[in-house]
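Trainee:
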Amino acid sequence: MNHKQNSTNGLNLLIKDIKGFSQAQNAWRFYNNENVDIKSLNDPIMQAGLETIEKECNEYLLVAHDWSLVNYRNHTTKDDCIETKRSNSTNAISKGYDLQSSLAISDKTGEPITPLIHNLKTKDKIYSTYNNSIDINQTHLNELSDRIAYINNELHINKKIVHIIDREADSVGFFRRLQENDLYIVRALDRVSVEYKGNTITQKELADTIELGEYVKTIEYQKKQVDIYVNSVDIDITRDAYVRHINDKGKMTHKKHKGEPVKSRFIVERLIDSDNNTVATWLLLSNLKEDVDSKTIGLWYYYRWNIETYFKLLKSSGFNLEKWQQESSKAIFKRLLIASYACLLVWQIEHSSQKNIVEIKKFLVKLSGRLVARGKVSTSPALLAGIWSFFSTMDILELYDIEKLISMKNELNDFLGMDF
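Under our numbering, read the sequence shown as residues 4 to 423, first letter to last.
#1: What does the alpha-carbon distance come out to for the pair R338 and L347?
#2: Under three-state DSSP, which class holds R179?
#3: Which residues in the same chain have their Cβ closer than 6 angstroms to the Cβ of Y133, if we skip the five residues on either side of it in sequence?
#4: From the DSSP secondary-structure annotation, give me the bridge partner or partners of Y199.
#5: Taking DSSP as the reference, what is the three-state secondary structure of P115?
#6: Going by Cα to Cα distance, which pick from I96, I56, Y100 is closest to D83?
#7: Return the Cβ separation of R307 and A107 in integer angstroms, given the expectation that the two are a contact with Cβ distance under 8 angstroms.
#8: Taking DSSP as the reference, what is the three-state secondary structure of N12?
#9: In whole angstroms, what separates the C-alpha of L144 from that of Q103?
#10: Measuring straight from C-alpha to C-alpha, what distance separates V73 and F314?
#11: Just the Cα atoms here: how many angstroms apart are T125 and I151?
#12: Excluding sequence positions up to five away, which residues of its chain have a Cβ less than 6 angstroms from the Cβ of S105?
#13: What does DSSP give as the partner residue(s) for V2 in the beta ladder?
#14: Please determine, among E86, K98, E62, the residue with the shortest C-alpha to C-alpha distance to Y75.
#15: Taking 8 angstroms as the cut-off, decide whether the C-beta atoms of W303 and D110 are in contact.
#16: Is the number of C-beta pairs between the segment 233-250 and the segment 262-276 that are closer than 8 angstroms three or more?
#17: Helix, strand or coil for I213? Go by DSSP, reduced to three states.
#18: With respect to the beta strand (DSSP E) encompassing G99, which residues constitute its N-terminal and C-terminal limits?
#19: What's the call for V165, buried or exposed, on a 16-neighbour Cβ count within 10 Å?
#20: If distances are taken between C-alpha atoms only, which option among G262, R179, G420, G201 comes closest to N290?
#21: Looking at the structure shown, is A376 part of a helix, part of a strand, or coil, going by DSSP?
#22: Excluding sequence positions up to five away, which residues of its chain have a Cβ less than 8 angstroms from the Cβ of V195?
#23: For the candidate residues E54, K163, R170, Y245, whose alpha-carbon lies nearest to that of G176?
#24: Find the nearest neighbour of K364 within the set D149, G389, E217, S343, judged by alpha-carbon distance.
#25: So what's K266 in DSSP terms, helix, strand or just coil?
#26: What did DSSP end up calling S395 once you bin it into helix, strand or coil?
#27: Hey, out of Y130, L44, D46, whose CA is closest to S331's CA?
#28: Please report the distance separating the alpha-carbon of H257 from that of I399.
#29: Could you tell me the distance, in whole angstroms, from the CA atom of Q328 to the CA atom of L370?
#30: Among all the DSSP beta bridges, which residues are the ones paired with T87?
#31: Any beta carbon of chain D sitting closer than 8 angstroms to that of D46?
#32: Indicate the three-state DSSP secondary structure (helix, strand or coil) for R273 in the structure shown.
#33: Return the chain-ordered list of same chain residues with a C-beta closer than 8 angstroms to the C-beta of K424, the five sequence neighbours on each side being excluded.
#34: With a CB to CB cut of under 7 angstroms and the five nearest residues on each side skipped, what residues in its chain are close to S148?
#35: Taking DSSP as the reference, what is the three-state secondary structure of V295?
#36: Within 10 Å of its beta-carbon, does L96 have 16 or more other beta-carbons around it, so buried, or fewer, so exposed?
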């Protein structure tokens with residue numbers, strides 16, 4: 004065994020028991036290779052993720068869906084970015100790609116398991132891990148209903164799947180488009196009207212009439228401890244749907260559609276501080292049956308924030324997605340899949356109970372060059388950065404032997420007049 008092999012095996016020693024690590028390392032090398040397609044990069048993520056779902060979930064799998072702008076406003080070489088006006092009150096322009104993601108979450112622990120689907124919408128097309136021909140003019144909710152059907156019917160997940168979505172999905176047209184067994188928890192809009200006990204009332208007005216309800220759990224919210232309480236009633240959604248359509252000229256139009264009433268549970272989730280003040284209220288809609296109580300629905304919606312944390316890991320505190328310099332949106336998307344695999348591995352490391360896991364965490368944090376708070380072994384961003392550095396280090400060790408690396412170090416010392 005030569006020095007190069009010895010060093011490589013030494014670095015591999017700590018992580019050899021982390022399932023999927025070598026596959027992720029192999030994928031890392033190929034995201035810029037035109038001969039490696041999106042499916043080839045995504046298959047290992049799905050294989051590892053689906054295996055983990057079987058182990059980490061009880062009866063249900065929670066899937067959080069969300070959309071996030073990948074901001075490339077200051078990147079002049081990316082010529083397929085989507086440009087949109089930020090608001091009606093300013094002339095500021097957002098420029099970038101629309102990232103559309105679905106994240107699997109454990110019903111048992113509330114911890115993230117794996118990304119299930121990614122779409123990246125550019126000005127010209129949509130790159131996707133589940134459908135190569137998504138209509139570029141399709142609205143978010145029409146595409147999401149197709150994505151939900153794919154997850155429920157094509158991934159062969161042996162769990163009841165509950166889809167958790169923020170307020171953009173409070174659309175009667177969306178609810179009517181879903182199939183009977185497409186289970187959901189959707190955050191409700193305040194000013195939308197529903198039918199309750201024969202009366203038409205806005206969801207905000209209805210929430211104001213509902214008592215505090217049952218205690219769920221205590222969480223940290225905006226840097227202070229708060230208690231979650233939930234209560235619920237049954238409602239009917241009878242309003243007409245206004246279906247958005249993007250015409251051939253790229254302009255948004257709306258068409259009015261009548262439909263059957265949608266029966267729903269209306270859940271009011273309140274966050275109460277130690278002074279008995281309501282610091283936040285979340286209004287939810289769900290078609291889950293009564294065997295899933297309101298407390299569980301409230302708790303599951305709280306777990307949705309994992310996808311916000313996931314986007315933060317990709318965009319700022321982990322991989323700095325918005326700083327990536329690849330000019331090709333396809334290369335960006337392929338690199339995103341490698342980052343997603345690294346996230347899956349980090350979550351496995353964070354939740355692992357194997358005997359040497361603390362040593363693995365310390366090793367990756369040291370590679371990351373990041374500081375962690377006193378009393379903490381690691382953080383997700385530090386572990387992610389450590390994995391990225393590990394992949395790079397392994398590449399270097401396969402290109403150069405130890406003698407060559409030491410020689411380069413000495414040459415740099417002489418050139419810079421430093422000793423490091």
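For every residue, glycine included, the Cβ atom is placed at its ideal position computed from N, Cα and C.
Mentor: For this structure:
#1: Walking along the sequence shown from the start, residue 338 turns up at place 335. Walking along the sequence shown from the start, residue 347 turns up at place 344. Rounded to the nearest whole angstrom, the CA to CA distance from R338 to L347 is 14 angstroms.
#2: Position 176 of the sequence shown, counted from the start, is the residue given in the question as residue 179. R179: helix per DSSP, three-state reduction.
#3: Locating residue 133 in the sequence shown gives position 130, where the first residue counts as 1. Correct list, in chain order: I120, Y153.
#4: Counting from one through the sequence shown, the residue named residue 199 turns up at place 196. Per DSSP, N202.
#5: As a working note, residue 115 is residue 112 in the sequence shown. Strand at P115.
#6: By 1-based counting over the sequence shown, the position of residue 83 is 80. Looking at the Cα atoms, Y100 is the closest of the given residues.
#7: Mapped onto the sequence shown, residue 307 falls at position 304. Mapped onto the sequence shown, residue 107 falls at position 104. Contact flag wrong, Cβ pair sits at about 12 angstroms.
#8: In the sequence shown, the residue the question calls residue 12 occupies position 9. Because the pLDDT at N12 is just 38, under 50, the model does not fix this residue reliably, and the value given afterwards should be weighed accordingly. The answer is helix: DSSP assigns N12 an H, G or I state.
#9: As a working note, residue 144 is residue 141 in the sequence shown. As a working note, residue 103 is residue 100 in the sequence shown. One C-alpha to the other measures close to 11 angstroms.
#10: The residue labelled residue 73 in the question sits at position 70 within the sequence shown. The residue labelled residue 314 in the question sits at position 311 within the sequence shown. Their backbone Cα atoms lie some 10 angstroms apart in a straight line.
#11: Counted from its first residue, the sequence shown places residue 125 at position 122. Counted from its first residue, the sequence shown places residue 151 at position 148. Cα to Cα, the separation comes out at about 21 angstroms.
#12: As a position in the sequence shown, residue 105 is number 102, starting the count at 1. Same-chain partners within the cutoff: V66, H68, L119, I120.
#13: With the chain covering 4 to 423 only, the question about residue 2 has no answer from this structure.
#14: As a position in the sequence shown, residue 75 is number 72, starting the count at 1. Of all alpha-carbon atoms in E86, K98, E62, the one lying nearest the alpha-carbon of Y75 is that of K98.
#15: Position 300 of the sequence shown, counting from 1, holds the residue named residue 303. Position 107 of the sequence shown, counting from 1, holds the residue named residue 110. In this structure, D110 lies closer than 8 angstroms to W303 by Cβ.
#16: Verdict: yes, contact present.
#17: If you number the sequence shown from 1, residue 213 lands on position 210. I213 falls in the coil class under three-state DSSP.
#18: If you number the sequence shown from 1, residue 99 lands on position 96. 96-109 is the extent of the beta strand (DSSP E) around G99.
#19: For the purposes of this step, residue 165 is identified with residue 162 of the sequence shown, where counting begins at 1. With 16 or more Cβ atoms within 10 Å of its Cβ, V165 is classed as buried.
#20: Indexing the sequence shown from 1 puts residue 290 at position 287. Among G262, R179, G420, G201, the Cα nearest to that of N290 belongs to R179.
#21: Within the sequence shown, numbered from 1, the residue matching residue 376 stands at position 373. Three-state DSSP puts A376 in coil, outside helix and strand.
#22: Mapped onto the sequence shown, residue 195 falls at position 192. Correct list, in chain order: D173, T205, Q206, R242.
#23: In the sequence shown, residue 176 corresponds to position 173, counting from 1. Taking each of E54, K163, R170, Y245 in turn and checking the Cα distance to G176, the smallest one comes out for Y245.
#24: Locating residue 364 in the sequence shown gives position 361, counting from the first residue. Comparing Cα-Cα distances from K364 to each of D149, G389, E217, S343, the minimum goes to G389.
#25: Position 263 of the sequence shown, counted from the first residue, corresponds to residue 266. The DSSP-derived three-state label of K266 is strand.
#26: Position 392 of the sequence shown, counted from the first residue, corresponds to residue 395. DSSP, reduced to helix, strand and coil, places S395 within a helical segment of the structure shown.
#27: Translated into the one-based positions of the sequence shown, residue 331 becomes position 328. Among Y130, L44, D46, the Cα nearest to that of S331 belongs to Y130.
#28: In the sequence shown, the residue the question calls residue 257 occupies position 254. In the sequence shown, the residue the question calls residue 399 occupies position 396. Going from the Cα of H257 to the Cα of I399 covers about 55 angstroms.
#29: Along the sequence shown, one-based indexing puts residue 328 at 325. Along the sequence shown, one-based indexing puts residue 370 at 367. Going from the Cα of Q328 to the Cα of L370 covers about 23 angstroms.
#30: For the purposes of this step, residue 87 is taken as the residue at position 84 of the sequence shown. Under DSSP, T87 takes part in a beta bridge, and its partners are S97.
#31: Here chain D cannot be found, since the structure has a single protein chain.
#32: By 1-based counting over the sequence shown, the position of residue 273 is 270. Reduced to three states, the DSSP call for R273 is strand.
#33: Lying before the first or after the last residue shown, residue 424 is absent from the chain, which here runs from 4 to 423.
#34: Locating residue 148 in the sequence shown gives position 145, where the first residue counts as 1. Within the same chain, and ignoring the five residues on either side of S148 in sequence, the residues whose Cβ sits closer than 7 angstroms to its Cβ are F177, R180, L181.
#35: Position 292 of the sequence shown, counted from the first residue, corresponds to residue 295. Secondary structure at V295: coil, using DSSP grouped into helix, strand and coil.
#36: As a position in the sequence shown, residue 96 is number 93, starting the count at 1. The amino acid occupying residue 96 in the given sequence is Ile; Leu does not appear at that position. Exposed, because fewer than 16 other Cβ atoms sit within 10 Å of the Cβ of I96.
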